[in-house]
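Novice: Numbering (my numbering), first residue to last: 9 to 308.
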């Protein structure tokens, strides 16, 4: 009879040892730090001095580095930003994404429901949709995160086309040639159509999928996790997704003051597909406004 690998035995031991510790009314809080890296050279910073780059990164810090709290039970969770009082001037001069502010995100792993509180250009939305299943590939690699033994899992997930965290600049040689040609054609043309050179978003692209590495602990046997991530046999403590890392820094189990996990309720209810259509239309309006101003300048 073949012996089971030691790490598989460890996994089952941890699972069985933890299963009796969590009653139906169990609740916990996990605190996360989210950091997204940005290459300044990719966004026109090649000619900046090191001091200027440092200043820009400091201004963007409050946007690229955030703290979140995940309040979770066996079935439900709510993930929201742990907002801090900023120092005077912090974050000024950088408003990317400021008109698309994400609020609390509610997940129910039993009903497979996700609800995102979302602000878009001053209007409040409630994006209600099905909680998408993530096809995780389970690994046997482990590491310690704090006092918890975490196991590795990987997946390939689709990316929302308006997810700023995975946005990058299209700067291939072919695209540069195409842009130069479009610029020449737009000068010669009297056509009122918007050319690619008029479009401020034409040089931005988002990959269709990204590879994700997650680390979860069976010592907390709930299939919850930060942001959109869930579906593993233990709380997800760390996520590495493209340019973003989400890391758990603190866990409180069965706090004395339990918090009611409530669904967000304010805003116009839409599906994810409907919300994407709303954003697409708004972006089109902005393209037309931008293109109109450019044509006006060329006409003088």
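Even glycine gets a Cβ: it sits at the ideal position worked out from N, Cα and C. All values derive from a computational prediction rather than experimental measurement.
Does the stretch 270-289 come within contact of the stretch 135-144, defined as at least 3 CB pairs closer than 8 Å?
Specialist: The stretch 270-289 is in contact with the stretch 135-144.
Novice: So what's residue 121 in DSSP terms, helix, strand or just coil?
Specialist: Reduced to three states, the DSSP call for residue 121 is strand.
Novice: Which class does residue 166 belong to by DSSP, given the choice of helix, strand or coil?
Specialist: Strand at residue 166.
Novice: Measure the CB-CB distance between residue 223 and residue 158 and report whether it falls below 8 Å.
Specialist: In contact: residue 223 and residue 158 (Cβ atoms closer than 8 Å).
Novice: Look up residue 283 in the DSSP assignment and say whether it is helix, strand or coil.
Specialist: Residue 283: helix per DSSP, three-state reduction.
Novice: In the DSSP assignment, find the beta strand (DSSP E) that holds residue 312 and state where it starts and stops.
Specialist: Examination of residue 312 is not possible in this model, given that the chain is present from 9 through 308 alone.
Novice: Is it true that the CB of residue 218 sits closer than 8 Å to the CB of residue 165?
Specialist: Their beta carbons are under 8 Å apart, which means residue 165 touches residue 218 by this criterion.
Novice: In whole angstroms, what separates the C-alpha of residue 242 from that of residue 216?
Specialist: About 28 Å.
Novice: Hey, how far is the Cα of residue 285 from the Cα of residue 154?
Specialist: Those two C-alpha atoms are separated by around 42 Å.
Novice: Ends of the beta strand (DSSP E) at residue 83?
Specialist: Segment: none, residue 83 is in no beta strand (DSSP E) and carries neither H nor E.
Novice: Quick check on the DSSP output: the beta strand (DSSP E) that includes residue 248 runs from which residue to which?
Specialist: Its beta strand (DSSP E) spans residues 243-249.
Novice: DSSP three-state call for residue 159: helix, strand or coil?
Specialist: Looking at residue 159 - three-state DSSP - the assignment turns out to be strand.
Novice: Locate the beta strand (DSSP E) running through residue 37, then write down its first and last residues.
Specialist: From DSSP, the beta strand (DSSP E) with residue 37 extends over 36-44.
Novice: Just the Cα atoms here: how many angstroms apart are residue 255 and residue 127?
Specialist: Cα to Cα, residue 255 sits roughly 25 Å from residue 127.
Novice: Could you check if residue 264 is buried or exposed, using at least 16 other CB atoms within 10 Å of its CB as the buried criterion?
Specialist: The residue is exposed, with fewer than 16 neighbouring Cβ atoms inside 10 Å.
Novice: Residue 40 and residue 257: beta carbons closer than 8 Å?
Specialist: In this structure, residue 257 lies closer than 8 Å to residue 40 by Cβ.
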